[in-house]
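**Q** Have a look at this one before I ask anything.
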Amino acid sequence: MDIRSLIAAQYQAHVQDFAQSAKFQHLESGQLSGAEVDQFIANLCQAHLKSPQILAFLYSVAPPAAAPAIQHNMLEELGLDEEGICHPDLLIDLAAAAGFDAAQREALIVGAQEHLRTLCTDPLMFGTIKELGLSVLLEVTCFEWMLSRLASRIGQALEVHRGLSPQSLAWFFHHSEVDIRHAEEGVTSVVDYLAYYEVEADELETILDITFRENIFIKRYFGAIALAQETHMLEATP
Amino acid sequence: MKPVAATLMALRIPFVEAFAHSVRSRTYSDSIVVRLVLEDGTVGYGEAVARPYVTGETVESCLDFMGAQIWPVVQQTDYLAPPAATAAGLGWLQAIAQTLPIDPAEGTPGGVVAWNAARAGWELALVDALLKAEGRSLSQILPPQRSQVTYSGVITASSVESAVKMAKRFKQFAIPHLKIKVTGEGDRDRVAAIRAAVGDAPSLRIDGNGAYTVAGAIATCQDLAEFAITSAEQMIPRGDRADLAAVQAAAPIPQMADESLITLADAEALIAANACQWFNLRISKCGGLANTVAIAHLAQAAGIRCQLGCQVGETAILSAAGRHLAAHLPVEFVEGSYGKLLLSQDISRHPLHFGHQGHAPLLTRPGLGIEILDNHLETYAHQTISLHL
Chain A
14 MDIRSLIAAQ YQAHVQDFAQ SAKFQHLESG QLSGAEVDQF IANLCQAHLK
64 SPQILAFLYS VAPPAAAPAI QHNMLEELGL DEEGICHPDL LIDLAAAAGF
114 DAAQREALIV GAQEHLRTLC TDPLMFGTIK ELGLSVLLEV TCFEWMLSRL
164 ASRIGQALEV HRGLSPQSLA WFFHHSEVDI RHAEEGVTSV VDYLAYYEVE
214 ADELETILDI TFRENIFIKR YFGAIALAQE THMLEATP
Chain B
2 MKPVAATLMA LRIPFVEAFA HSVRSRTYSD SIVVRLVLED GTVGYGEAVA
52 RPYVTGETVE SCLDFMGAQI WPVVQQTDYL APPAATAAGL GWLQAIAQTL
102 PIDPAEGTPG GVVAWNAARA GWELALVDAL LKAEGRSLSQ ILPPQRSQVT
152 YSGVITASSV ESAVKMAKRF KQFAIPHLKI KVTGEGDRDR VAAIRAAVGD
202 APSLRIDGNG AYTVAGAIAT CQDLAEFAIT SAEQMIPRGD RADLAAVQAA
252 APIPQMADES LITLADAEAL IAANACQWFN LRISKCGGLA NTVAIAHLAQ
302 AAGIRCQLGC QVGETAILSA AGRHLAAHLP VEFVEGSYGK LLLSQDISRH
352 PLHFGHQGHA PLLTRPGLGI EILDNHLETY AHQTISLHL
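Quick note, the sequences are listed as chains A and B, same order.
Using our numbering, you'd call the opening residue of the first sequence number 14 and step up by one each time.
Using our numbering, you'd call the opening residue of the second sequence number 2 and step up by one each time.
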């Protein structure tokens, strides 16, 4: 299997596990409680509010061939591209539409920043920035891959079952269109990264294994306990 | 200083991946956390890990002993503040440990081997609280003898494919020492594959968790010796020390006592029987900091080499206590501090897990040196027992 196919297969499997998870299916079928949906919205906002900062990190380690795409992606997130839509603002609009008051919205921003802080203060397991950068790039591009395939479905579920207006769900619909391109560019960025930093196939395989040891989508969007129930680490509550 | 209230919380923190050895497979941490409040309002945290196949304690019986037997004594005791002189620190730890009651049935047939996890949980909570009340660190009581701690990786009992995958992760992280759980089935293939995956540099140890007979242990050690195995931990079940001595005498790999080493009396008997070359010390198994240090001193005097082990699924509390002890004692291998590498979420604000090359810094903040997040405890507690005066 060539490298591009290997990465795409990993992303596909990860996305499929997410789409087939009990929580995702409950979201789509309207079986989540209102509180669970609100928690999902909060988790999703926290997962993506600091995307520009993560992309800025990736831009700083990107090889020349991948840098323009990552830079464009970052500027797009910040609303500094030709469209001028700041994506974190779309997330805050979503939270507001879902009934999060000013204090709750501020808490989402603080939580996202705290997550970023944790990323910076956690002991590093990797020995080089090259390895860390690859792991982050894999995670970010896998998110783009997932959003390009599932964002519309998530947005639709929130519209139907949570009664949110299409305007408030702009983040999902925006990503579902834009990230089809981003998803493909993302895999290309990874391939460029591997070539530039001369990452061996064996090392890539190990870093893929480390990065996707847990389903990042279930954990970030639905929480650690939901993931543990999905993977049978904990019994699901009846 | 008197304790005025305490809470026992039985946790279920899911693992990222199942962890298996020859006795059982685990998918979540079942630690018991003690949240202790002193009369000045200072809060301290301790942790007990009950293992029926080690000390005989179950989570249920441990909770019961902690609440019904230990709390009545603890709440009536006026504990001394930690001493200013470092030299008096060990005596202070021992004085705390000595207040924790012994069950007359301990060690008798049909009873538990020792309520060591229960006592360790209370001892750690008391030490944490009493030190925090004075703004002092455990590192002032157990002064570090090294500038950082280097941890080992542990490869769970699993298929060859999974074991190699795990070994490659540890290689990527440049972990210098690895321990492999062996079960008596396919050991040679797994150990050979792991050695091939990580190369010659990392040291390898094996741990049988008592899965072998004497003859089986000797044969397995003979079979695996070519892979440069540093030690073989608890290959046969806890029992007659002469059996372990027989394995030690005949096997080409130095033997390490784990489940055979629970009490100070065990340590004395193992030394007298020349039963092993290594001790695996564990805080929860050995009954807390004071008892673990006492066993370590006994080992040192007898020329026994030591590893500081851990409990699978321990949280940041036992990891922090282990960090202090690992820095203080002349141990050659250290396990634990896996934090989010194993737990889906840990309970401390600052991560305790080690980093690249297994390195982790010393802890110098007051008490055990960690900040426990009560909301995380609440999230993962499936049973909570409030204790008051």
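Beta carbons: idealized from backbone N, C-alpha and C, even for Gly.
Strictly under 8 Å for the Cβ-Cβ distance: is B/E162 near chain A by that measure?
**A** As a working note, residue 162 of chain B is residue 161 in the second sequence. It does not; no Cβ of chain A falls within 8 Å.
**Q** Once DSSP output is grouped into helix, strand and coil, what is the label at A/P251?
**A** For this step, residue 251 of chain A is matched to residue 238 along the first sequence. The predicted position of A/P251 is uncertain, since its pLDDT is 39 and thus under 50; a value taken from the coordinates is nonetheless stated next. If DSSP states are grouped into helix, strand and coil, A/P251 belongs with coil.
**Q** On the premise that B/A98 lies in contact with B/E124, defined as a C-beta separation below 8 Å, what is that separation, rounded to the nearest angstrom?
**A** For the purposes of this step, residue 124 of chain B is identified with residue 123 of the second sequence, where counting begins at 1. For the purposes of this step, residue 98 of chain B is identified with residue 97 of the second sequence, where counting begins at 1. About 5 Å separates the Cβ atoms of B/E124 and B/A98, confirming a contact at the 8 Å cut-off.
**Q** Cβ of A/F186 within 8 Å of Cβ of B/H357?
**A** Taking the first residue of the first sequence as position 1, residue 186 of chain A is located at position 173. Taking the first residue of the second sequence as position 1, residue 357 of chain B is located at position 356. No; because the gap between Cβ atoms is not below 8 Å, this pair is not in contact.
**Q** Give a yes or no on whether the minimum CB-CB distance between A/M138 and chain B is below 8 Å.
**A** By 1-based counting over the first sequence, the position of residue 138 of chain A is 125. Using a Cβ-Cβ cut-off of 8 Å, A/M138 counts as an interface residue toward chain B, since at least one Cβ of chain B sits closer than that to its own.
**Q** What residue does the alpha helix (DSSP H) around B/W279 start on, and which one ends it?
**A** Counting from 1 along the second sequence, the entry for residue 279 of chain B is found at position 278. Premise fails: B/W279 lies in the beta strand (DSSP E), W279 to L282, not in any alpha helix (DSSP H).
**Q** Within the same chain, show all residues whose beta-carbon is closer than 7 Å to that of B/I348, passing over the 5 residues directly before and after it, in chain order.
**A** In the second sequence, the residue the question calls residue 348 of chain B occupies position 347. Cβ neighbours of B/I348 beyond the five flanking positions: T316, A317, I373, L374, H377 and L378.
**Q** Starting from B/S30 and walking both ways along the alpha helix (DSSP H), at which residues does that stretch end?
**A** Position 29 of the second sequence, counted from the first residue, corresponds to residue 30 of chain B. Counting along the chain, B/S30 falls outside any alpha helix (DSSP H), though it belongs to the beta strand (DSSP E) covering S26 to S30.
**Q** If you follow the alpha helix (DSSP H) that A/I83 is in, where does it begin and where does it stop?
**A** Locating residue 83 of chain A in the first sequence gives position 70, counting from the first residue. Judged by DSSP secondary structure, A/I83 falls within the alpha helix (DSSP H) whose first and last residues are A80 to L91.
**Q** Which residues in the same chain have their Cβ closer than 6 Å to the Cβ of A/H174, if we skip the five residues on either side of it in sequence?
**A** The residue you call residue 174 of chain A lines up with position 161 of the first sequence. Same-chain partners within the cutoff: G43.
**Q** For chain B, is any of its Cβ atoms less than 8 Å away from the one on A/E227?
**A** Translated into positions along the first sequence, residue 227 of chain A becomes position 214. So, interface residue.
**Q** Run the CB neighbour count on B/G1, radius 10 Å, all protein chains shown included, and call it buried at 16 or more, exposed below.
**A** Residue coverage of chain B in this structure runs from 2 to 390, which leaves residue 1 of chain B outside it and unanswerable.
**Q** At the level of alpha carbons, what is the spacing between B/Q256 and B/A197?
**A** Translated into positions along the second sequence, residue 256 of chain B becomes position 255. Translated into positions along the second sequence, residue 197 of chain B becomes position 196. C-alpha separation (whole angstroms): 24 Å.
**Q** Identify each residue in the segment 209-238 of chain B for which the Cβ-Cβ distance to at least one residue of chain A is less than 7 Å, and report them in chain order.
**A** none
**Q** Can you list, in chain order, the residues of its chain with a C-beta nearer than 8 Å to that of A/E172? Leave out the 5 residues immediately preceding and following it.
**A** Walking along the first sequence from the start, residue 172 of chain A turns up at place 159. Cβ neighbours of A/E172 beyond the five flanking positions: S178, P179 and L182.
**Q** Does A/H245 get closer than 8 Å to chain D when you measure Cβ to Cβ?
**A** Although the question refers to chain D, the structure presented lacks it and instead comprises the protein chains A and B.
**Q** Going by other Cβ atoms of all chains shown within 10 Å of its Cβ, with 16 needed for buried, is B/H383 buried or exposed?
**A** Taking the first residue of the second sequence as position 1, residue 383 of chain B is located at position 382. When all chains shown are included, B/H383 counts as exposed.
**Q** How would you label A/M14, buried or exposed, when you count the other beta carbons within 10 angstroms and need 16 or more for buried?
**A** Working through the first sequence from its first residue, we reach residue 14 of chain A at position 1. Classification for A/M14: exposed.
**Q** Output, in chain order, the set of chain B residues within a Cβ distance shorter than 8 Å of A/A237.
**A** Along the first sequence, one-based indexing puts residue 237 of chain A at 224. Those within 8 Å of A/A237 in chain B are P15, S345 and Q346.
**Q** For chain B, is any of its Cβ atoms less than 8 Å away from the one on A/I67?
**A** Residue mapping note: residue 67 of chain A aligns to position 54 of the first sequence, counting from 1. Taking Cβ atoms only, chain B never reaches closer than 8 Å to A/I67, which makes this a no.
**Q** Near B/T264, what residues of its chain come up, given a Cβ to Cβ distance below 7 Å and the 5 sequence neighbours on each side ignored?
**A** Mapped onto the second sequence, residue 264 of chain B falls at position 263. If we look at B/T264 and ignore the five residues flanking it on each side, its Cβ neighbours are A115.
**Q** Count the other C-beta atoms from every protein chain shown that fall within 10 angstroms of the C-beta of B/L64, then say buried if there are 16 or more, exposed otherwise.
**A** On the second sequence, position 63 is the one that residue 64 of chain B refers to. Buried, since its Cβ has 16 or more Cβ neighbours within 10 Å.
**Q** Who pairs with B/F20 in a beta bridge, going by DSSP?
**A** Position 19 of the second sequence, counted from the start, is the residue given in the question as residue 20 of chain B. The partner list for B/F20 (beta bridge, DSSP) reads B/R27.
**Q** Report buried or exposed for A/V123, applying the criterion of at least 16 other Cβ atoms within 10 angstroms of its Cβ.
**A** Position 110 of the first sequence, counted from the first residue, corresponds to residue 123 of chain A. The residue in question, A/V123, is exposed, as its Cβ has fewer than 16 Cβ neighbours within 10 Å.
**Q** Cα-Cα, which of B/A11, B/E48 and B/R36 is closest to B/A321?
**A** Position 320 of the second sequence, counting from 1, holds the residue named residue 321 of chain B. When each option's Cα is compared against that of B/A321, the closest is B/E48.
**Q** I need the boundaries of the beta strand (DSSP E) containing B/S387, first residue and last residue.
**A** Along the second sequence, one-based indexing puts residue 387 of chain B at 386. Where B/S387 is concerned, the enclosing beta strand (DSSP E) stretches over A382 to H389.
**Q** Counting only Cβ pairs nearer than 8 Å, list the residues of chain B close to A/L240.
**A** The sequence position of residue 240 of chain A within the first sequence is 227, counting from 1. Ordered by position in chain B, the residues that pass the 8 Å Cβ test against A/L240 are P15 and S345.
**Q** Going by CA-CA distance only, name the one from A/A108, A/T134 and A/H100 that's closest to A/Q52.
**A** Within the first sequence, the letter at position 39 stands for residue 52 of chain A. Considering only alpha carbons, the answer is A/A108.
**Q** So which residues on chain B does A/I223 lean against when the C-beta distance must stay under 8 Å?
**A** Here residue 223 of chain A corresponds to residue number 210 of the first sequence, with the count starting at 1. Here the neighbours are R170 and Q173.
**Q** With which residues is A/F31 paired in a DSSP beta bridge?
**A** Mapped onto the first sequence, residue 31 of chain A falls at position 18. Looking at the DSSP output, A/F31 shares a beta bridge with no other residue.
**Q** Taking B/S47 as part of the beta strand (DSSP E), name the residues at either end of that continuous run.
**A** Taking the first residue of the second sequence as 1, we reach residue 47 of chain B at position 46. One point to set straight first is that residue 47 of chain B is Gly, not Ser, in the sequence displayed. Its beta strand (DSSP E) spans residues V44 to A49.
**Q** Between B/I272, B/L330, B/I14 and B/G289, which has its C-alpha nearest B/A297's C-alpha?
**A** The residue given as residue 297 of chain B occupies position 296 in the second sequence. That would be B/L330, whose Cα lies nearest to the Cα of B/A297.
**Q** What residues of chain B sit near A/D315, judged by a beta carbon separation below 7 Å?
**A** Outside the shown range of chain A (14 to 251) lies residue 315 of chain A, about which nothing can therefore be said.
**Q** How about B/H354 and B/I371: do their beta carbons lie closer than 8 Å?
**A** Taking the second sequence and counting its residues from 1, the one referred to as residue 354 of chain B is at position 353. Taking the second sequence and counting its residues from 1, the one referred to as residue 371 of chain B is at position 370. The Cβ atoms of B/H354 and B/I371 lie no closer than 8 Å to each other.
**Q** Regarding A/P136 and the ligand SAH, is the C-beta to nearest heavy atom distance less than 7 Å?
**A** Here there are no bound small molecules, and the ligand SAH is not part of this structure.
**Q** Specify, as a first and last residue, the run of the alpha helix (DSSP H) that A/T219 falls within.
**A** Within the first sequence, numbered from 1, the residue matching residue 219 of chain A stands at position 206. Unbroken alpha helix (DSSP H) run through A/T219: A214 to T224.
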